[in-house]
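Number of protein chains: 2
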Amino acid sequence: MATTIKDIVERTGLSLGTVSKYLNGVSVKPKNKVLIDEAVEFLDFKVNLFARGLRTKESKSIGIIIPSLELTFSTKIVAITEKYLAQNGYVVMICVVTGDEEIDSEKLQNLVNQSVDGLLVIPPAKNRFLTTWLEKMKGFIPVIVLDRYLESNVVFDHVVVDNRQAAKKAVTRLLLKGHTRIGIIAGDKGGYTSKERLLGYQDALNSQGVSLKPEYIVYGDFSKKSGYDACQELFELQNVPTAIFVTNYDMTVGALECFNSYQKRIGEDISLIGFDSAEISTILTPKLSMVIQPVDKMAEFVAEELLKAIREPENVKSKSTVFTCELLIEDSIQSIK
Amino acid sequence: MATTIKDIVERTGLSLGTVSKYLNGVSVKPKNKVLIDEAVEFLDFKVNLFARGLRTKESKSIGIIIPSLELTFSTKIVAITEKYLAQNGYVVMICVVTGDEEIDSEKLQNLVNQSVDGLLVIPPAKNRFLTTWLEKMKGFIPVIVLDRYLESNVVFDHVVVDNRQAAKKAVTRLLLKGHTRIGIIAGDKGGYTSKERLLGYQDALNSQGVSLKPEYIVYGDFSKKSGYDACQELFELQNVPTAIFVTNYDMTVGALECFNSYQKRIGEDISLIGFDSAEISTILTPKLSMVIQPVDKMAEFVAEELLKAIREPENVKSKSTVFTCELLIEDSIQSIK
DNA sequence: TTGTAGGCGTTATCAG
DNA sequence: CTGATAACGCCTACAA
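Pasting the structure below:
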């Protein structure tokens, strides 16, 4: 392995400084340029990032902290940012956090030990520990937080979606189709995203003058299983809702399974709107209506933002950026006759 | 940032060597132990992996090379290995390769520049370039190849699934239900996985004495769209098959969309067996029959294997490990009356 | 534009 | 068991 700058020096007869400088973009005599290029090629030279990092403190790597890789949302964010960052010479390190402090603290430790140049974070529902950890990190490297706000006195750079508006739009659509008994499968009671989506639900009811029935609000925890359970709860009400709004992807899958178990037909028996992934929509009969987050745009935005922050740390100001969701309407919602 | 061993030295009055050794597990006087521990705690010392790496050549990181993050198979492998490796102090770097030589070569370059300690590879269909690149790497760090064999004179450590057997089992099941007009949506013509699964299909027909009809074999490229197109092709045959076997996840999704477009009912109109993901199975009505790869087991196995290879490079021998798929039977296949 | 030399934070060797 | 000292490979003043 290991051909070093010294080898280049030997082959070219130039000095260490000159070679190093050229390798870092400082201009040298055209003749030497050719000389070095040839040597680099011939010796198959690669910089040793350890040595470079020891001096520069830069690792050319980005840490991505996510709650799971089994959620299309996180996965897509990773996929797209990886592509973008790679184009700029960065490598992406994955760190899946669970919310369990003991496990997470060690993993985060490993990550920061690698001296990542920046952090992209999709916080899990339970993020107390992560938040305080990030507060410490923020002093040293850029941190961008995606998807949900962190409850912290420190101001982070946030990129989120207009959850409340999106939920309102979805539920309003149901109302306009004549539904009044509308169930909502909300996320965990405390969570920001969860709260916002629930507020949107209430907004919609309010603005259409439909009264809120508490039994139609069921809480899950954004997991598939909780979606199933919540859906079941709704099915077993005296007055089963005529439409259900599920507020994230996994719970949508859970609810669909529940529809299956109870042999309820989507649309015909009960209308359904899900969240997040268009892909799942198209394989169902009828197709599923969905609130779609602009994941691609968001991912590209955060990647750009992060690179900017790394390159020009001086003029970074933490701000909130809000993206708008789209409503995909299919036959899974039908009019009440 | 940056508290270094020197700071510990200052605080404890010990020497650099002693502190470093203790930090690396060499035993020291109990009294000094306490002293160092206290200082580490107090000063919040963290090793600088740049400096360490410069000496040891180890980065405590693993590179994972995958064709996509949007395939459950790859994603799951990443998720599970990340968990396992993290427990052992390793960090995971993602590198998505496309098959496009120009892009890939740069990304792979970045990855190896990070001096990863090992490589976990799920090769894309087009892997000529990757293969020659891996051949070079194999001399320096452990490489484990997952999912498909590489066509190379160099012997790699391979972990695959009994594709042929699995396909045979699936198709046999269809035959036993009385189907004789069985379509197969195969992957790309050249690919290893693709070929094996097709061979299994042929095995099944042969062993049941059913003659092979070429028009029932349609090739895709393992992408969703190609699954749709292939399925369409089958639908438009004079003699539409009574059952279809789709040979990977994405094409299964594509085929399902096609069923939707053509208003074909799964099971009732045409029986269907898909590949890979149990999750998708349960949200459909009727549930989808599937060939299920033991992803979890495989992932854990490769992670262990890789760590072993890193720790004891001396007694590594490249071998092939084959895992067995399971057949999940649901109502998406029905008997021919 | 080029060359020289010092140091980044660790580990490893070798005496003590 | 402990302590000094020399690398590891690169960048970056500074001087030429």
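From first to last, the protein sequence lines are chains A and B. Using numbering that gives the first Met the number 0, you'd call the opening residue of the first sequence number 0 and step up by one each time. Using numbering that gives the first Met the number 0, you'd call the opening residue of the second sequence number 0 and step up by one each time. Heads up, the beta-carbon is just placed ideally off N, CA and C, and yes, glycines get one too. All of these numbers come straight from a predicted model, not from anything done at the bench.
How would you list, in chain order, the residues of chain A whose beta-carbon sits under 8 Å from the beta-carbon of residue i?
i        : result
B/THR74  : LEU68, GLU69, THR74
B/ASN109 : LYS59, ALA85, GLY88, TYR89, VAL90
What whole-angstrom Cβ distance do residue i and residue j have, given they're in contact under 8 Å?
i        : j        : result
A/GLU256 : B/ILE282 : 6 Å
B/SER67  : B/VAL95  : 6 Å
A/LYS223 : A/ILE335 : So it is not a contact: roughly 29 Å between Cβ atoms.
A/SER288 : A/MET250 : A/SER288 to A/MET250, Cβ: 15 Å. No contact.
B/GLU81  : A/ILE93  : 6 Å
A/ARG172 : A/ILE332 : 7 Å
B/ASP187 : B/ALA229 : Actually they do not touch by this definition, with Cβ atoms about 11 Å apart.
B/ILE143 : B/VAL159 : B/ILE143 to B/VAL159, Cβ: 11 Å. No contact.
A/ILE79  : A/GLU278 : Not confirmed; about 15 Å, so no contact.
B/ASP6   : B/LEU42  : 5 Å
B/LEU118 : B/MET136 : 6 Å
A/TYR191 : A/ARG147 : 5 Å
B/ILE181 : B/VAL170 : 6 Å
A/ALA166 : A/GLY199 : 3 Å
A/THR11  : A/LEU48  : 22 Å between Cβ atoms; not a contact.
Which two residues bound the contiguous beta strand (DSSP E) that contains residue i?
i        : result
A/THR320 : 319 to 322
A/VAL217 : 216 to 218
B/SER288 : 288 to 291
B/GLY182 : 181 to 185
B/ILE272 : 270 to 274
A/ASP156 : 156 to 160
A/LEU326 : 325 to 327
A/LEU129 : Segment 127 to 136 is the alpha helix (DSSP H) holding A/LEU129; no beta strand (DSSP E) there.
A/VAL95  : 90 to 95
If we define contact as Cβ-Cβ less than 8 Å, is residue i a contact residue for chain B?
i        : result
A/GLY52  : yes
A/LYS106 : yes
A/ASN259 : yes
A/GLU278 : yes
Give the interface partners of residue i over in chain B, defined as CB-CB distance under 7 Å, in chain order.
i        : result
A/VAL91  : MET92, ILE93
A/LEU255 : ILE282
At the 8 Å Cβ level, is residue i part of the contact set with chain A, yes or no?
i        : result
B/THR284 : yes
B/ALA78  : yes
B/GLN292 : no
B/VAL120 : no
B/LYS82  : yes
B/ASN112 : yes
B/VAL252 : yes
Could you check where the alpha helix (DSSP H) with residue i kicks off and where it finishes?
i        : result
B/GLU256 : 248 to 260
B/LEU68  : First-last for B/LEU68: undefined, no H or E at that position.
A/LEU145 : Per DSSP, A/LEU145 belongs to no alpha helix (DSSP H); it is in the beta strand (DSSP E), 142 to 145.
B/PHE300 : 294 to 310
B/GLY16  : 15 to 22
B/GLY52  : 48 to 55
B/PHE244 : First-last for B/PHE244: 242 to 245, but that is the beta strand (DSSP E), not the alpha helix (DSSP H).
B/ILE102 : 100 to 112
B/GLY199 : 191 to 206
A/ILE4   : 4 to 11
Please list, in chain order, the chain B residues whose beta carbon lies closer than 8 Å to that of residue i.
i        : result
A/GLN231 : Those within 8 Å of A/GLN231 in chain B number zero; the least Cβ separation is about 15 Å.
Applying a beta-carbon distance threshold of less than 7 Å, which residues of chain A neighbour residue i?
i        : result
B/VAL142 : Within chain A, no residue comes near B/VAL142; the closest Cβ sits about 15 Å away, beyond 7 Å.
Scan the stretch 214 to 228 of chain B for residues whose Cβ lies nearer than 9 Å to a Cβ of chain A and list them as they occur along the chain. Under the 9 Å Cβ criterion, the stretch 214 to 228 of chain B contributes LYS223.
At a Cβ cut of 8 Å, what residues of the stretch 38 to 50 of chain A count as close to chain B, listed as they run along the chain? Hits within the stretch, in order: LYS45, VAL46, ASN47, LEU48, PHE49, ALA50.
Would you list, in chain order, the members of the stretch 302 to 325 of chain B that have their beta-carbon closer than 8 Å to a beta-carbon of chain A? The stretch 302 to 325 of chain B vs chain A, Cβ under 8 Å: nothing.
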